[in-house]
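Take the sequence shown: its letters are residues 7 to 271, numbered as in the UniProt record's numbering. Where a beta carbon is used, it is the ideal one built from N, C-alpha and C, also for glycine. As the structure is a computational prediction, the values presented were derived from the model and not from experiment.
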Amino acid sequence: IKRITTHTLQEMKRKGEKIACLTSYDYSMAKIVDSAGVELILVGDSASNVMAGHETTLPITLDNMIYHAQAVVKGVKRALVVVDLPFGSYQGNSEEALRSAIRIMKESGGHAVKLEGGIEIKESIERILSAGIPVMGHLGLTPQSIYKFGTYVVRAKEEEEAEQLMANAKMLNDVGCFGMVLEKIPAALAKKVTESVAIPTIGIGAGNGCDGQILVVHDMLGINKDFSPRFLRRYADLHTIMTEAVMNYTKDVKSSDFPNEKESY
Ligand code: KIV
Ligand code: NA
């Protein structure tokens, strides 16, 4: 199997081929997601919500992220594995950012890191890039800043924030990021950004004009029933399938149907 690299993704943009991305947080899921053919697997700090049950992405630690990334890397043969730098591991200064990125690369075996933000983290991005670590940007609704925004509504609907986002996208492109996530912004703006940068844009709630799409894997598989934003398409109802399986197992244990003779030694 030929591995996907940051260069593969840039080439895909050039050729107009769409890039399929999903998150994963553990070995078994990553193995399925990778062999099904996505190009990029994000070990997202959404693990804070999906895996640990926190309300926001803020509590997850760098050690937690490395643990998830190690497991994902073991399950992946083809996709590019990108790991989120969690809240508090890069905002302080560029040296701290570099140290966090190096820990992720060294200890997890991931292939790249992702950071939320624009001009305010430019120095950190440059420092990580100069160490040879590929960086993905993330603009629009950046969940690590949820307490600044106060709400999860669409970002950059007003001209001022849209212009700021456009400038930040150009900055990410110019400093040498290999791609960027655009989260929950108007489709027209995402399309404009996509056309104005050479690097691939990966959208989530950012319309069809992006170079690729990403979703949280538990959301698109319908494992999580309590999260239904407009941008989410559910490709399965695993919540129902898993609930029925567990109910049937419980019934069979209680009725002594399980295990039967063939299932015993
Ligand atoms: O953490 C995450 O899952 C993400 C994606 C939704 C882009 O950052
Ligand atoms: Na994230």
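Beta carbon of residue i nearer than 8 angstroms to that of residue j
i    : j    : result
I47  : S30  : yes
G213 : M186 : no
A196 : G209 : yes
E146 : I191 : A quick correction: the sequence has Gly, not Glu, at residue 146. It is a contact, given that the beta carbons lie within the stated cut-off.
H117 : P140 : yes
V222 : S114 : no
L86  : L178 : no
Three-state class that DSSP yields for residue i in the structure shown
i         : result
T148      : coil
G156      : coil
D263      : coil
S270      : coil
Y241      : coil
residue 6 : There is simply no residue 6 to check, as the chain begins at 7 and stops at 271 in what is shown.
Residues sharing a beta bridge with residue i, DSSP
i    : result
T29  : L48
D90  : K120
E189 : G146, I210
Q219 : A26, G209
V141 : V119
Closer than 7 angstroms: residue i CB and nearest ligand 2 heavy atom
i    : result
T62  : no
S52  : yes
P65  : no
P149 : yes
heavy atom of ligand 1 below 7 angstroms from residue i C-beta
i    : result
L244 : no
L48  : yes
H224 : no
D40  : no
I210 : yes
H144 : yes
T12  : no
D90  : yes
Residue i versus residue j: straight-line alpha-carbon distance, rounded
i    : j    : result
P235 : Y158 : 10 angstroms
H60  : D40  : 26 angstroms
H13  : A103 : 24 angstroms
F237 : T11  : 27 angstroms
V160 : E129 : 27 angstroms
E126 : R239 : 33 angstroms
E17  : G98  : 34 angstroms
G81  : E164 : 42 angstroms
Any chain C beta carbon closer than 8 angstroms to residue i
i    : result
E166 : Considering every chain present, this structure includes no chain C. It has just one protein chain.
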